[in-house]
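Engineer:
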Amino acid sequence: MNGITKVKQMFFNKQFICFLIIGCINSLSGIVFSWFYSVIMGPIIAFIPGYISGIVVSYVLNSVFTFKEGFSLERFIKFALSTIPNFLIQFIAVLIIVNILGLHKLVAYALAAIVGVPVTFIILKLFVFIKR
1 MNGITKVKQM FFNKQFICFL IIGCINSLSG IVFSWFYSVI MGPIIAFIPG YISGIVVSYV
61 LNSVFTFKEG FSLERFIKFA LSTIPNFLIQ FIAVLIIVNI LGLHKLVAYA LAAIVGVPVT
121 FIILKLFVFI KR
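Below, the structure written as structure tokens:
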């Protein structure tokens with residue numbers, strides 16, 4: 001099987017579509033949490049607890065709907081660790097969008113949420129929700 005076929009099989013299926021839908025819900029929840037926290041702290045710092053709050057939402061929804069797996073502390077820890085690359089990408093995006101481009105914090109949160117989705121899906125599929 002060639003590389004293009006593997007990519008198609010990984011990304012063009014019901015599981016990935018479900019992941020994208022949940023990602024939209026999670027992104028919206030992360031944006032709302034970040035906005036809420038930005039009322040009491042700066043917009044850059046507010047992104048951190050907003051993102052962490054979104055991790056819990058994402059874990060629950062992806063466990064139930066995308067990967068159809070039960071909850072476990074081990075899986076939650078792996079899930080949280082797997083979000084680190086995406087967090088770093090998004091955090092840098094928020095820094096650039098707010099501080100360099102000068103766009104509004106909500107625009108920054110929304111644009112940053114788009115970044116890293118394929119990477120996160122692959123990490124979750126191969127590291128967290130492994131079919132045994």
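Counting from 1, position 112 in the sequence shown corresponds to residue 112 in the UniProt record's numbering; the numbering is continuous, with no gaps. Quick reminder that beta carbons are idealized off the backbone N, C-alpha and C, glycines included.
Expressed to the nearest angstrom, what Euclidean distance is found between the alpha-carbon atoms of A110 and N13?
Structural biologist: So the alpha carbons of these two residues sit roughly 25 Å apart.
Engineer: If you compare alpha carbons, which of I92, F76, I77, S34 is closest to A46?
Structural biologist: It is S34 whose Cα lies nearest to the Cα of A46.
Engineer: What are the complete alpha helix (DSSP H) segments, minimum 4 residues, inside the UniProt domain "GtrA/DPMS transmembrane" (19-129)?
Structural biologist: Complete alpha helix (DSSP H) runs here, min 4: 43-61, 73-82, 84-95, 105-114, 117-123.
Engineer: In or out: V39 buried (at least 16 other Cβ within 10 Å) or exposed?
Structural biologist: The residue in question, V39, is exposed, as its Cβ has fewer than 16 Cβ neighbours within 10 Å.
Engineer: With H, G and I counted as helix, E and B as strand and the rest as coil, what does DSSP make of F16?
Structural biologist: Of the three classes helix, strand and coil, the one that applies to F16 here is helix, per DSSP.
Engineer: Of the residues I97, P118, L61, which one's Cα is nearest the Cα of S29?
Structural biologist: For S29, the nearest C-alpha among the options comes from L61.
Engineer: Short check: CB of F129 to CB of F67, under 7 Å?
Structural biologist: A contact, by the Cβ cut-off of 7 Å.
Engineer: Does the distance from the C-beta atom of A113 to that of S27 stay below 7 Å?
Structural biologist: Cβ distance < 7 Å, so A113 and S27 count as in contact.
Engineer: Measure the beta-carbon distance from G50 to Y37 and round it to whole angstroms, keeping in mind my assumption that it falls under 8 Å.
Structural biologist: The pair is a contact, with the Cβ atoms about 5 Å apart (cut-off 8 Å).
Engineer: Enumerate in chain order the residues of its own chain whose CB-to-CB distance from Q90 is below 8 Å, with the five nearest sequence positions on each side excluded.
Structural biologist: Excluding residues within five positions, the ones whose Cβ falls inside 8 Å are F47, Y51, A112, A113, V115, G116.
Engineer: If the criterion is Cβ atoms closer than 7 Å, does the pair I122 and T83 meet it?
Structural biologist: No, Cβ-Cβ distance for I122 and T83 is not below 7 Å.
Engineer: What does the Cβ neighbour count give for S72, buried or exposed, with the cut at 16 atoms within 10 Å?
Structural biologist: Its Cβ having fewer than 16 others within 10 Å, S72 is exposed.
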